[in-house]
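Numbering-wise, the sequence shown is residues 116 to 520 according to our numbering. Glycine included, C-beta positions come from ideal geometry on N, C-alpha and C. All values reported here derive from a predicted model rather than from experimental measurement. See structure below.
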Amino acid sequence: MEQDHKELGRILELFSFNRNVPGTVYWWPKGTTLFDLIVNDLKKRLAEDGYQDLKTAPIIDVETLKKSGHFDNYREKLFFCGNEKEMKEEKVDWCLKPMSCPGSIKIFNEQMHSYKDLPLKFSEFGTVFRYEQPGEVNGLLRTRVITQDDAHIYCHEDQIETELIKLIDFIHETYKRYGFSEIRVELSTRPEKSIGTDQEWQKAEEGLKKALEEKKIDYTENKGDGAFYGPKIDFHVKDSLGRSWQMGTIQLDFATAERLEANYIDEKGKKQNPVIIHRAILGSVERFMAVLLESTGGALPTWLSPVQAIILPVSEKHLNYAKKVTTMLSSQTGRVPDLGSIRCEIDTRNESVGKKIRDAEIQKVPYIIVVGDKEEKESNITVRTRGSKDLRVQKIEEFSKELNG
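Below is the structure:
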């Protein structure tokens, strides 16, 4: 199937998989570029919104997970760590982290915080590890090694509504940026197995409902499917088969801070537990990329394309001019300045121009540039835009301005 992200990953030279280790991804250079473009774009926007970036350790102690409640709820998905003797004797105290929140709270607890510091926003593009069953693993859509854009907002109760509304807006703006317009919203309530008091759950569920109603967002209620520590709002988008995939989530947590002894000093000098808003915008970066590839058929927007322009010299004697064009374009800042310069390549293969053009079309490169005798003599380039058969002659500077839009 042409729209299948696994096939697109192969055709576009983005990533591959290791059959011997199901649920893991091997990122090729172009795939790594795309991955980094998505991550760095979001990091920039988060920094502008006051987030501080963290990096927590990939290994967490089991004792902390027991204390937080994650151990009882995620035990079957944990990858335990230990040497051969420890594993045989089942005396294992560590595991690969299945989520980033306990690590974020550990960092929060390393310093004393005042009510004046709140809301405090910690974000992390963390790698988490979950043992998905073999039948559940599916390309990038469901992996065992997951990159999550986790964040935790530590706040007091009168800041909750403002932060929730800002998050809802941020998530919708992000999806719109990537061309996702059909978004389904779910509100998931208290599950059978949970921590926290009835009063805390009532406050949390009412807080999420109020924010959704304030934004006039239609949602369906998913009873009993909240996180064990709090209710959540989930954001779903559709893939090429019409399947709905959860991407972003906002979770309101009144319980975990007390369990892990996270606190701040209030106006009266007394210790209080912060409310924690857990949130992810993309969710799994791998899954987000899979749905993005399938929804675009691999024809990514120019700003996201790993190769924005490919230069095709007519023959070997035009290679030096092709290199000059590449140098000039690569020195120009791209449309999204913080994402670096214009990304271009030269096809140096000993193939006909027609063959090179066909291959560039298969690769979904936004701009194909042909250079030969005429172009070199007149210091021009011949440009063909993705999806069009038309050719146009342009000055390099003129094309650069067009690309930067």
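For residue i, name the three-state secondary structure that DSSP assigns.
i	result
residue 295	coil
residue 144	helix
residue 343	coil
residue 262	strand
residue 131	strand
residue 242	strand
residue 480	coil
residue 330	coil
residue 194	coil
residue 510	strand
residue 518	helix
residue 454	Any reading at residue 454 must be qualified, since the residue scores a pLDDT of 47, below 50, and its modelled position is unreliable; no value is offered.
residue 183	helix
residue 379	strand
residue 136	coil
residue 124	helix
residue 150	helix
residue 499	strand
Cα separation between residue i and residue j?
i	j	result
residue 145	residue 318	46 angstroms
residue 385	residue 250	51 angstroms
residue 253	residue 299	22 angstroms
residue 181	residue 126	44 angstroms
residue 339	residue 347	11 angstroms
residue 315	residue 482	55 angstroms
residue 120	residue 414	12 angstroms
residue 246	residue 223	28 angstroms
residue 264	residue 226	23 angstroms
residue 103	residue 165	Only positions 116 to 520 of the chain appear in the structure, and residue 103 is not among them; the question remains open.
residue 238	residue 278	14 angstroms
residue 469	residue 497	14 angstroms
residue 464	residue 438	14 angstroms
residue 193	residue 185	10 angstroms
residue 509	residue 285	39 angstroms
residue 417	residue 334	33 angstroms
residue 396	residue 321	22 angstroms
residue 140	residue 267	27 angstroms
residue 445	residue 189	47 angstroms
residue 219	residue 178	16 angstroms
residue 372	residue 216	10 angstroms
residue 271	residue 183	20 angstroms
residue 449	residue 196	Per-residue confidence for residue 449 stands at a pLDDT of 47, beneath the threshold of 50, marking its modelled position as unreliable; the derived number appears in the next sentence. Spanning the two alpha carbons is a distance of roughly 44 angstroms.
residue 456	residue 147	16 angstroms
residue 82	residue 276	Not covered by the structure: residue 82. The range shown for the chain is 116 to 520.
If residue i and residue j are in contact, beta carbons under 8 angstroms, what's the gap, nearest whole angstrom?
i	j	result
residue 323	residue 356	About 30 angstroms separates the two Cβ atoms, so there is no contact after all.
residue 310	residue 344	6 angstroms
residue 427	residue 391	About 54 angstroms separates the two Cβ atoms, so there is no contact after all.
residue 461	residue 441	6 angstroms
residue 394	residue 282	6 angstroms
Any beta carbon of chain B sitting closer than 7 angstroms to that of residue i?
i	result
residue 416	Of the chains in the structure shown, none is chain B; there is only one protein chain.
Alpha helix (DSSP H) segments (min. 4 residues) lying fully within the segment 199-226: Listed in chain order, the alpha helix (DSSP H) elements of length 4 or more contained wholly in the segment 199-226 are 199-204, 216-224.
The segment 153-168 contacting the segment 423-434, beta-carbon criterion three pairs below 8 angstroms: Cβ pair count under 8 angstroms is below three, so no.
Stretch pair the segment 476-486 + the segment 424-439: three plus CB contacts closer than 8 angstroms: Touching, yes.
Three or more C-beta pairs below 8 angstroms linking the segment 287-303 and the segment 401-421: Yes: the two stretches touch, three or more of their Cβ pairs being nearer than 8 angstroms.
Segments assigned beta strand (DSSP E), at least 3 residues, entirely inside the segment 388-445: Within the segment 388-445, the runs of beta strand (DSSP E) at least 3 residues long that lie entirely inside it are, in chain order, 390-399, 424-428.
Sufficient close CB pairs (3 or more, under 8 angstroms) joining the segment 254-268 to the segment 136-154: With three or more CB-CB distances shorter than 8 angstroms, the segment 254-268 counts as touching the segment 136-154.
At least 3 beta-carbon pairs within less than 8 angstroms: the segment 145-155 vs the segment 195-207: By the C-beta criterion, the segment 145-155 is judged not to be in contact with the segment 195-207, since fewer than 3 inter-stretch pairs fall below 8 angstroms.
Every unbroken beta strand (DSSP E) inside the segment 270-323 [3 residues or more]: Whole beta strand (DSSP E) segments, 3+ residues: 299-303.
Meets three-Cβ-pair contact criterion under 8 angstroms: the segment 329-339 and the segment 376-392: These segments do not touch.
Cβ contact (3+ pairs, closer than 8 angstroms) linking the segment 166-174 and the segment 211-218: Yes, since at least three Cβ pairs between the segment 166-174 and the segment 211-218 fall closer than 8 angstroms, the two stretches touch.
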